[in-house]
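In this note's numbering, the protein residues as written are 39 to 306. Backbone N, C-alpha and C fix where the C-beta goes; we use that ideal spot for every residue, glycine too.
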Ligand code: BTN
């Protein structure tokens with residue numbers, strides 16, 4: 039793969055306009071997983087908002103035990119530490135997805151979509167994924183939000199990777215070379231802004247999700263705690279997760295962390 043411009047902490051910091059996110063940024067040339075590094079800093083509340091970037095991961099992970107593959111220097115591999123947040127996992131996952139989709143939309147020039155709970159798709163292919171991990175904090179819950187965005191990968195990379203979902207990169211979609219430092223900076227600024235919205239205005243987060251989400255009103259088959267459920271998606275609840283009007287009758291909510299979508303009647 040071609041050598042692209044490296045990430046640079048000073049360049050990212052120079053464009054930041056955040057209250058919390060990116061109050062410190064660390065960049066690794068290579069590491070196992072940026073989520074693992076972020077967890078090492080979680081015991082100190084002063085590290086709230088810390089962002090870890092890496093050019094390469096040897097053991098990048100995704101949801102449900104999947105791997106996250108990215109050639110060196112080809113993507114955004116980023117983990118953000120949030121210390122002692124009130125337990126808001128479901129809402130935080132929605133908020134982060136809205137922020138990442140908005141950032142990608144900006145760099146793409148057309149709308150990126152969210153596949154519930156927090157994959158970001160462009161033209162039916164996955165361009166970004168989020169992994170939200172939680173552990174008990176001193177006072178409340180600590181979170182590490184891991185974000186992977188495909189930037190410079192070419193089609194051959196995804197063909198060889200044999201992924202569950204068809205995938206794409208920003209460069210493939212735009213035909214241009216995305217500026218990763220600008221993208222990283224926009225990502226942190228956008229995330230910071232949406233986290234502030236989240237604290238006071240849950241309805242706006244849900245509205246942002248609905249505007250970018252693809253499931254509402256569509257038929258879904260999912261697995262929850264090893265059981266299959268099917269029904270129409272009638273809403274997203276910021277606390278309880280996705281609401282389904284079940285084919286078998288009744289209405290039920292499915293939290294993101296324990297749910298996998300097996301089939302949906304509309305492409306993201
Ligand atoms: C998914 O789509 O399943 C989530 C992918 C999350 C990947 C990112 S890359 C940076 C951070 N470090 C990891 O090991 N995973 C996340």
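Between residue 149 and residue 143, the C-beta spacing is below 7 Å. The beta carbons of residue 170 and residue 131 sit closer together than 7 Å.
Of the candidates 269, 279 and 53, the residue whose Cα lies closest to the Cα of residue 126 is 279.
Rounded to the nearest angstrom, the Cβ distance from residue 235 to residue 299 is 26 Å, too far for a contact under 8 Å. In this structure, residue 233 has its beta carbon at no less than 6 Å from each heavy atom of ligand 1.
At least one heavy atom of ligand 1 lies less than 6 Å from the C-beta of residue 101. Residue 218 and residue 114 do touch by the CB rule: their CB atoms are close to 6 Å apart, below 8 Å. Per the DSSP secondary-structure output, residue 174 pairs in a beta bridge with 179.
With a cutoff of 7 Å on beta-carbon distance, residue 206 and residue 137 are scored as not near each other.
With a 10 Å radius around the Cβ and a threshold of 16 neighbouring Cβ atoms, residue 139 comes out buried.
Around the beta carbon of residue 162, fewer than 16 other beta carbons lie within 10 angstroms, which makes this residue exposed. Using a C-beta cut-off of 8 Å, the segment 79-97 makes contact with the segment 106-124, since at least three inter-stretch Cβ pairs fall below that distance.
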